[in-house]
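Remarks on the structure that follows.
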Amino acid sequence: MPSTEADAASYATTSSTDFYEILGIPLTETSPTLLRKAFRKQSLKWHPDKNPDPSAAETFHLLSIAYDVLSDPGTRAAYDNARNARLAKKRRHEAFDLNRRRMQEDLERREGQAKRTRTDADDAEDAFRRQMSKLQAEGATLRHKREEALRTAAKEAEAAESNGDGGGEEDAVAAATAPAAAAVRGGAVGKSRFSELDRTLRVRWKRRNNDAITAAHLRTLFSRFGPVQDCVVPSDSPKPGSKEKKLKTALLVFESIVAAHAAVHAAQGSDNKDFNAFKDIVWAGGEEPDISHDGPAPKTTTTTPSFGSFSSAKKTEDADYESITLMRMRAAEKARIEVEIRKQDEQDEEEEGVR
1 MPSTEADAAS YATTSSTDFY EILGIPLTET SPTLLRKAFR KQSLKWHPDK
51 NPDPSAAETF HLLSIAYDVL SDPGTRAAYD NARNARLAKK RRHEAFDLNR
101 RRMQEDLERR EGQAKRTRTD ADDAEDAFRR QMSKLQAEGA TLRHKREEAL
151 RTAAKEAEAA ESNGDGGGEE DAVAAATAPA AAAVRGGAVG KSRFSELDRT
201 LRVRWKRRNN DAITAAHLRT LFSRFGPVQD CVVPSDSPKP GSKEKKLKTA
251 LLVFESIVAA HAAVHAAQGS DNKDFNAFKD IVWAGGEEPD ISHDGPAPKT
301 TTTTPSFGSF SSAKKTEDAD YESITLMRMR AAEKARIEVE IRKQDEQDEE
351 EEGVR
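Going by full-length UniProt numbering, 98 is the number at position 98 of the sequence shown; the sequence numbering is gapless.
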């Protein structure tokens, strides 16, 4: 181990040992007498002959160096400068670590928010898909039940006619129409034979500059065609990291097929500025509900004046028959007007040609 005299100068600027702490004196202590007294006290404590601790010899050696450094004013000034520089560097590192921890915590917080936002967007999109699937499934189930009931009723009516029993004719007709009436009463058809999907429209519009278009706004705008049963507008929060969609979509379920039909045809090519913001207004099922199989209004026979079962079945079908008739009348009127407009345009062109 080097001698104390040789180590004193180098330890003054390179040692990381706190000489004030090892001697047990404050930084402001400059009295040679008190410094010598503190050195003697620590030397007796850490002398290798009196202290069995393995580190006693090294500590005793450092005590000697500390006394030599602090007892000389020039060496002590150099040591104080080096010690202050080390403490300032340590504080800078601690501040840097604190800022790094804050940055890490802020990053983790933002990642958590992004994850929650992504989850909310996924939930909203899943809810929208479930609503569409539900409407499609309900429509398919209702159509299947309705067609099955009508097929069964037709078969039983044919069987009743082939039997030719005059006295039991009323019972036979009632039995033949019972399945269809039961389907209506049981909710397979309800007030209308059209399912929710048949009465549902899909509305799309540009996202930009159309923040005013909300579920309440859509209800108010489209209620002019008839009562709106439900309006579904998915959440517009985009997934983090994904590009924002240009279009927004909503589902409008009308209480009647007539209102839905009127909304589709009135909005197409309309000059009304309220509908200019919409890119398209179409049937949610992808095509207009088929009304061709519905047939004419329920017939009355001359051989049987009145049957209770026919009356109940007729009442349940009247609403749909009237709705379909109204839709056909509107479509025919629209076609007639278009034909007249084309004829007028052709006449105008001919007159221009003659001139």
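By construction, the Cβ of each residue, glycine as well, lies at the ideal position given by its N, Cα and C atoms.
The structure presented is a predicted model; accordingly, all values stated were derived computationally and were not measured.
Check whether residue i and residue j have beta carbons under 8 Å apart
i, j, result
"residue 196", "residue 226", "no"
"residue 205", "residue 267", "no"
"residue 252", "residue 200", "yes"
"residue 247", "residue 273", "no"
"residue 43", "residue 19", "no"
"residue 282", "residue 202", "yes"
"residue 232", "residue 136", "no"
"residue 198", "residue 139", "yes"
"residue 48", "residue 57", "yes"
"residue 263", "residue 222", "yes"
"residue 102", "residue 16", "no"
Span separating the alpha-carbon of residue i from that of residue j
i, j, result
"residue 213", "residue 159", "57 Å"
"residue 107", "residue 100", "10 Å"
"residue 260", "residue 152", "30 Å"
"residue 69", "residue 13", "10 Å"
"residue 119", "residue 97", "33 Å"
"residue 35", "residue 26", "10 Å"
"residue 284", "residue 113", "34 Å"
"residue 209", "residue 346", "41 Å"
"residue 23", "residue 64", "10 Å"
"residue 360", "residue 335", "The structure shown does not extend to residue 360, since the chain is modelled only from 1 to 355, so the question has no answer here."
"residue 32", "residue 71", "7 Å"
"residue 244", "residue 234", "14 Å"
"residue 134", "residue 127", "10 Å"
"residue 211", "residue 147", "44 Å"
"residue 215", "residue 162", "56 Å"
"residue 230", "residue 353", "54 Å"
"residue 111", "residue 328", "57 Å"
"residue 339", "residue 325", "21 Å"
"residue 331", "residue 290", "14 Å"
Element boundaries [alpha helix (DSSP H), containing residue i]
i, result
"residue 200", "Where residue 200 is concerned, there is no enclosing alpha helix (DSSP H), although the beta strand (DSSP E) it sits in stretches over 200-206."
"residue 243", "Here residue 243 belongs to no alpha helix (DSSP H), and DSSP marks it neither H nor E."
"residue 228", "Careful: residue 228 lies outside any alpha helix (DSSP H), inside the beta strand (DSSP E) at 228-232."
"residue 261", "257-267"
"residue 27", "Looking at the DSSP string, residue 27 is not in any alpha helix (DSSP H), and its letter there is neither H nor E."
"residue 61", "56-71"
"residue 217", "215-222"
Chain B contact for residue i (CB, 8 Å cutoff)
i, result
"residue 208", "Here there is only one protein chain, and chain B is not present."
N- and C-terminal bounds of the beta strand (DSSP E) containing residue i
i, result
"residue 281", "278-283"
Opposing strand residues paired with residue i [DSSP bridges]
i, result
"residue 250", "203"
For this session: Can you check the segment 110-141 for any beta strand (DSSP E) of at least 3 residues that lies completely inside it and give the ranges in chain order?
Result: none
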